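First the structure, in the form of structure tokens, and then the observations on it.
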Amino acid sequence: MSQLSISRRSVLIGAGGAALTPTTVPAAPRAPSLPLVVVGDWGRYGTDDQKAVANAMGRTAAEIRSRFVISLGDNFYEDGVESVTDRHWQDSFEQVYTAPSLQTKWDVILGNHDYRGSVQAQLDYVKHSKRWQMPDRVFTRLEMLSDGTVVEFFYIDTSPMISAYRHTKVAIDDQNVPAQLAWLDATLGRSKAGVKIVVGHHPIHTVTGHGRDQKDLIHLVKPLLLRHGVHLYINGHDHNLQSITRDGVTFVTCGGGGAVLGDAGEAKPGDFAAKAYGYMSMEVSAKRIGYRLFDEDGKALYAGQVLT
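Here this note's numbering is used: position 110 in the sequence shown is 122, and no number is missing along the way.
In structure tokens form, the structure reads like this:
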């Protein structure tokens, strides 16, 4: 497993983009396909249907034999966690996602609500949990399928890129956005993966939620997705379920892990949007990314695919 060539603190406050190298989650044994489940915006002390979503997600994870879980940020509402002993860890995570099928590794990123608490506590929790995987604010996961196809996940930290958060309770002001973008550009550019999936908290394109399309990310991140042939971008933040395609990239929103807010919006023909609690499953193979969006009862609301 490769390591960051500079300290975590220097990544946060002053590293030049060229100095960043990816921390990579090691691959598991090879298989013909890669099944996993995804959830976002969930940490509500088990209330607001969080437990119902968790139970249904556990059943789906068992059915598909999920290898790991992706968490899309806003892991703890409303103000993140204060420490590694905060009651949120037990009440919103450990005692909620109890299904045997969910005792796998969780690849976790940060959301804007996490930045209202101690980000360091979420980074440090890897020392206290066999499941929690947040090796840094940005990292990658490499998987190789049995036919030799490489699948790579690129986990990014979108909150510092949102200009509206500057000088607010969302404490992103000391983050080096140019360094992160340079890291993403370089890491995507040198990737040998046949399947590339980028994971961030905020939507780039959306039909609903907090403000329609996110202009900051359209300007900063979307050109990198197009330049490097990214197949899929997954996000949370909007508390609903969506699947839309723009400019050859599929954008899936899965932010219904603990609350549903706002209207679902009106999806264009071929797209999907639902005001619903829920989660997502994925099956990644050499030629195809299949995915399904489920409600809190485990009912599949939408099934889509991305050909790779």
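Cβ coordinates follow ideal geometry from the N, Cα and C atoms, glycine included. Model, not experiment: these values are computed from the prediction.
Quick one: which unbroken beta strand (DSSP E) runs of 3-plus residues sit fully inside the stretch 62 to 121? Chain order, please.
As far as the stretch 62 to 121 is concerned, its whole beta strand (DSSP E) runs of at least 3 residues are 80 to 83, 117 to 120.
Cβ of Tyr289 within 8 Å of Cβ of Val50?
Against a cut-off of 8 Å, the Cβ pair of Val50 and Tyr289 comes out as no contact.
What residue does the beta strand (DSSP E) around Thr262 start on, and which one ends it?
Element bounds for Thr262: 261 to 266.
Check whether the Cβ atoms of Asp53 and Ala271 sit closer than 8 Å, and answer yes or no.
Yes, the pair counts as a contact, with Cβ atoms nearer than the cut-off.
Which class does Tyr177 belong to by DSSP, given the choice of helix, strand or coil?
Helix, per DSSP.
Ignore the nearest five residues each way along the sequence and tell me which others in Ile301's own chain have a CB closer than 7 Å to its CB.
Val207, His243, Leu244, Met294, Gln317, Val318, Thr320.
What is the DSSP secondary structure of Arg21, reduced to helix, strand or coil?
Low per-residue confidence applies at Arg21: pLDDT is 27, beneath 50, and the placement is therefore not dependable, though the value from the model is reported in the following sentence. Reduced to three states, the DSSP call for Arg21 is helix.
Where do the N-terminal and C-terminal ends of the alpha helix (DSSP H) with Gly201 fall, by residue?
That run of the alpha helix (DSSP H) goes 189 to 202.
To which residues of the same chain is Leu237 closer than 7 Å at the C-beta, ignoring the five residues directly before and after it?
Only Val210, Tyr245, Val261 meet the Cβ criterion.
Pick helix, strand or coil for Arg42, following the three-state DSSP scheme.
It is coil, neither helix nor strand.
Could you compute how far the alpha carbon of Tyr314 sits from the alpha carbon of Thr257?
In a straight line, the C-alpha of Tyr314 is about 14 Å away from that of Thr257.
Going straight from the alpha carbon of Ala279 to that of Val219, what length do you get?
Taking the straight line from one Cα to the other gives about 6 Å.
Determine the burial state of Ser158: buried for a count of at least 16 other Cβ atoms within 10 Å of its Cβ, exposed for fewer.
Ser158 is exposed by the Cβ-count criterion.
When the Cα atoms are used, what is the spatial distance from Phe88 to Gly123?
Computed Cα separation, rounded: 9 Å.
Rounded to whole angstroms, what is the Cα-Cα separation between Lys142 and Trp195?
So the two alpha carbons sit approximately 27 Å from each other.
Within 10 angstroms of its Cβ, does Thr59 collect 16 or more other Cβ (buried), or is it exposed?
Looking at its Cβ environment, which holds fewer than 16 other Cβ atoms inside 10 Å, Thr59 is exposed.
Quick check on His179: buried or exposed, where buried means 16 or more other Cβ atoms within 10 Å of its Cβ?
Counting Cβ neighbours within 10 Å, His179 comes out exposed, since fewer than 16 surround it.
Just the Cα atoms here: how many angstroms apart are Phe284 and Val182?
For Phe284 and Val182, the distance between alpha carbons rounds to 30 Å.
So does Leu273 have its beta carbon nearer than 7 Å to some heavy atom of the ligand NAD?
Judged by which ligands are present, the structure shown has none, so any question about the ligand NAD falls away.
Among all the DSSP beta bridges, which residues are the ones paired with Trp144?
Trp144 pairs with Trp118.
Quick one, are the C-beta atoms of Val1 and Asp169 less than 8 Å apart?
A query on residue 1 cannot be resolved here, the shown segment of the chain reaching from 13 to 320 and no further.
Return helix, strand or coil for Ile216, following the three-state DSSP convention.
If DSSP states are grouped into helix, strand and coil, Ile216 belongs with coil.
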